[in-house]
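In full-length UniProt numbering, the protein residues as written are 1 to 391.
Glycine included, each C-beta is placed from N, C-alpha and C at the ideal position.
Accompanying notes for the structure given below.
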């Protein structure tokens with residue numbers, strides 16, 4: 001059998017963990033140049049096989065969960081944060097049902113309502129800022145997006161309970177997504193683990209009170225909480241309170257993390273380019289009007305330059321650096337055999353920067369999207385949020 005090229009290491013067990021941890025993108029790009037699109041290496045006793053480029057990545061994105069399994073990789077990371085009975089703590093078919101329930105509450109009608117909510121929250125947040133000064137853009141947008149995401153994704157009752165203490169609980173929960181949580185046993189008394197577990201208990205208790213109050217209410221709200229209260233599995237079983245609370249935590253953290261990271265990078269790229277700044281401002285005045293009446297969903301769709309800037313930000317700085325699956329059955333790709341037990345990985349960041357796919361790959365060029373998608377001929381060249389069922 002022909003296995004992928006293996007990058008040997010002189011350090012037992014740790015393998016390439018230090019080099020990869022220091023600069024993962026540089027490590028992967030150097031390996032791609034030297035070994036090609038498929039290669040393996042060891043970190044902390046585990047063997048990782050990366051599939052870089054559109055053709056190789058197709059194996060992961062077209063796979064079935066019973067062949068390349070997600071729960072085996074992600075459960076130890078997500079279960080302490082979201083709780084038991086949701087996401088990667090349940091069989092894949094159950095998780096797919098849960099995702100379908102959440103998608104029911106994420107529709108165009110809801111998005112149109114969200115625009116005014118986000119505008120109102122944003123204006124209120126920035127009232128506290130003066131006319132000039134310095135702020136940490138990432139911290140500010142993380143704070144703001146927790147407010148907007150909670151209001152839009154959870155509903156006004158849960159949003160009304162969101163003060164600085166609760167915001168810190170969310171931050172402590174989000175701090176549970178670390179390399180340590182993925183590599184080390186959950187029972188270790190690490191400070192980040194303790195903060196994560198305490199935050200999980202306290203947030204769940206807040207949600208339980210709101211869920212039980214809503215269950216007793218005669219009135220029905222048009223929000224995600226109501227969607228989940230009314231939902232049931234294919235076998236007719238309704239969601240338990242613990243499942244609803246876990247799904248609400250997962251939805252918020254997934255939405256907040258990707259949005260705050262992407263918004264901060266978008267702000268950075270636009271702030272760095274005076275010409276793009278001025279063009280974005282002119283476009284907003286042309287579409288929205290000089291006196292800035294309330295925004296509408298359709299106006300946002302007409303901000304085409306801003307949309308291209310967002311696409312280019314997601315290309316250069318996708319929110320997920322690596323997607324992983326555990327090989328449960330033997331796999332074949334590019335003439336190589338991948339045995340069960342390998343962690344099979346795709347890197348959106350590397351795929352988005354490959355010179356043989358993207359011209360001027362490291363430059364921020366929103367106008368590259370004025371024509372068709374520059375990588376339209378390659379199905380998995382642009383994958384900021386994954387592809388197919390792996391979104």
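- Of 106, 19 and 84, the smallest CA-CA separation from residue 201 is found for 84.
- In the structure shown, residue 101 falls within a helical segment according to DSSP collapsed to helix, strand and coil.
- In the displayed model, residue 249 falls within a helix according to three-state DSSP.
- Burial is judged here by how many other beta carbons sit within 10 angstroms of a residue's own beta carbon; residue 173 has at least 16 and is buried.
- Taking all protein chains in view, the Cβ of residue 132 is surrounded by fewer than 16 other Cβ atoms within 10 Å, so the residue is classified as exposed.
- The C-alpha of residue 90 lies about 8 angstroms from the C-alpha of residue 71.
- Cβ neighbours of residue 259 within its own chain (closer than 6 angstroms, five residues either side excluded): 145.
- Counting the other CB atoms within 10 Å of its CB gives residue 187 a total below 16, which places it among the exposed residues.
- Linking residue 164 to residue 210 through their CA atoms gives a straight-line distance of about 19 angstroms.
- Rounded to the nearest angstrom, the gap between the Cα atoms of residue 293 and residue 369 is 29 angstroms.
- The alpha-carbon of residue 384 is positioned some 7 angstroms away from that of residue 320.
- Setting aside the 5 residues that flank it on each side, residue 250 is surrounded in the same chain by 82 and 87, each with a C-beta closer than 6 angstroms to its C-beta; the list follows chain order.
- For residue 62, there is no enclosing alpha helix (DSSP H), since its DSSP letter is neither H nor E.
- Annotation for residue 325: the continuous beta strand (DSSP E) segment containing it runs 323-327.
- Pairwise C-beta distances place the segment 18-25 out of contact with the segment 300-312, as fewer than three of them are shorter than 8 angstroms.
- In this structure, residue 68 and residue 77 do not form a Cβ contact; the two beta carbons are roughly 17 angstroms apart against a cut-off of 8 angstroms.
- Annotation for residue 32: the continuous alpha helix (DSSP H) segment containing it runs 24-35.
- Between residue 48 and residue 280, the CB-CB gap reaches or exceeds 8 angstroms.
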